[in-house]
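Working notes for the structure below.
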């Protein structure tokens, strides 16, 4: 079986890299510009060449040839939490560096990940641009939306859009359309028969308590940082140990599905952005390590001591559910093997 070489743009702390490395492929280089994310990445991916530079400075002249290109290009321009400015946001323009590098590097396949609202942003116009630009450089365009809680055993309700494609004409016609709303232009893009991602039953999903950190002494302010007024409201509502709670401006929200809500980069700002659990009868916020656990990172994943806790929360929220991406990566590899 061939081992495919992978290059990763906007690598963050390496969630996508870990997912692809768990298949018969190997990430040979990765690119990230955030200095704190780079510290975490290098601690956990010591055998991967990390290019700490602006993606706009990369080209085929300074990158090794690859078979698969991955990119979790900035999602804030398309998310509600990031105010959804789309291509008016400078960060959104970085998408065009993805297509530029696709054209220059000519990999056999690509993998993209972004927020669910990418498909409906600007009534689908943004998505149309992305599709046309990818097809313009000679790749098929296969988008689909998956919720990690429905396809893995990770109890996090994280719905994301994934886009994969292969060099050349589109020979991969999909049967199952992505979930759409009235503004989605992606409903005409169908999921390929060649992608067989199994759906997990609800009974196979682990409980949130299975991901809580039991190996270390938790910082006292994980408990004490809840303001008195908030703490009182949370204590009145938080009565179930298998449930995750969120504090909102006027109320405490119980996630009755018993899965963790979507972890976001806004956790880096602290406050009510960090989910709350009941631990030994006392409500507290999730720790950064627990947030990474709920993204499917293994216990071997290390957090650096020289990065602020707020940055670690941000990194966890910016990452991916590793087992979800791994399933897609395995299918990409299988399709390449068969073709």
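Residue numbers (UniProt numbering): 1 to 339.
Quick reminder that beta carbons are idealized off the backbone N, C-alpha and C, glycines included.
Pairing residue 53 with residue 31 gives a Cβ-Cβ distance under 8 Å. Sixteen is the threshold: since fewer than 16 other Cβ atoms of the shown chains lie within 10 Å of the Cβ of residue 250, the residue is exposed. Taken in chain order, the complete beta strand (DSSP E) segments of 3 residues or longer contained in the region 133-175 are 142-147 and 159-166. Counting along the chain, the unbroken alpha helix (DSSP H) around residue 338 starts and ends at 322-338.
Minimum Cα-Cα distance from residue 274 among the listed residues 281, 282, 260 and 280 corresponds to 260. Apart from the 5 residues on each side of it in sequence, residue 209 sits with its Cβ closer than 7 Å to the Cβ of 241 and 242 in its chain, given in chain order. In the three-state scheme derived from DSSP, where H, G and I count as helix and E and B as strand, residue 28 is classed as strand.
A Cβ-Cβ contact shorter than 8 Å links residue 139 with residue 110.
Contact annotation: the region 301-310 touches the region 34-44, with at least three C-beta pairs closer than 8 Å. Secondary structure within the region 253-314: the alpha helix (DSSP H) runs of 4 or more consecutive residues, fully enclosed, are 288-293 (chain order). In this chain, the beta strand (DSSP E) harbouring residue 70 covers 68-71. In the same chain as residue 64, and ignoring 5 residues on each side of it, the C-beta atoms closer than 7 Å to its own belong to 28 and 29, in chain order.
Taking C-beta separations shorter than 6 Å and ignoring five residues to either side along the sequence, the partners of residue 314 in its chain run 265 and 268, following chain order. At a Cβ-Cβ threshold of 8 Å, residue 158 and residue 321 count as neighbours. For the pair residue 99 and residue 329, the CB atoms are not nearer than the 8 Å cut-off.
With 16 or more other CB atoms across the displayed protein chains lying within 10 angstroms of its CB, residue 97 is buried. Separation of residue 50 and residue 70 (C-alpha to C-alpha, rounded to the nearest whole angstrom) is 14 Å. Per DSSP, the continuous alpha helix (DSSP H) segment holding residue 39 begins and ends at 35-44. Residue 237 carries a helical assignment under DSSP once its states are collapsed to helix, strand and coil. The bridge partners DSSP lists for residue 110 are 69 and 165. For residue 212, there is no enclosing alpha helix (DSSP H), as DSSP gives it neither H nor E.
Straight through space, the alpha carbons of residue 167 and residue 33 are spaced by roughly 28 Å. Assigned with DSSP and collapsed to three states, residue 124 falls in helix. Distances from the CA of residue 215 to each of 287, 18 and 207 were compared; the closest alpha carbon is that of 287. Distance check between residue 153 and each of 332, 11, 9 and 294 places 294 closest, using alpha-carbon atoms only. The beta carbons of residue 248 and residue 272 sit closer together than 8 Å.
Between the alpha carbons of residue 1 and residue 337 lies a distance of about 8 Å. Comparing alpha-carbon positions, the option among 101, 145, 156 and 123 lying closest to residue 133 turns out to be 101.
Excluding the 5 residues flanking it on each side, residue 15 has same chain C-beta neighbours closer than 6 Å at 319, 320 and 322, in chain order.
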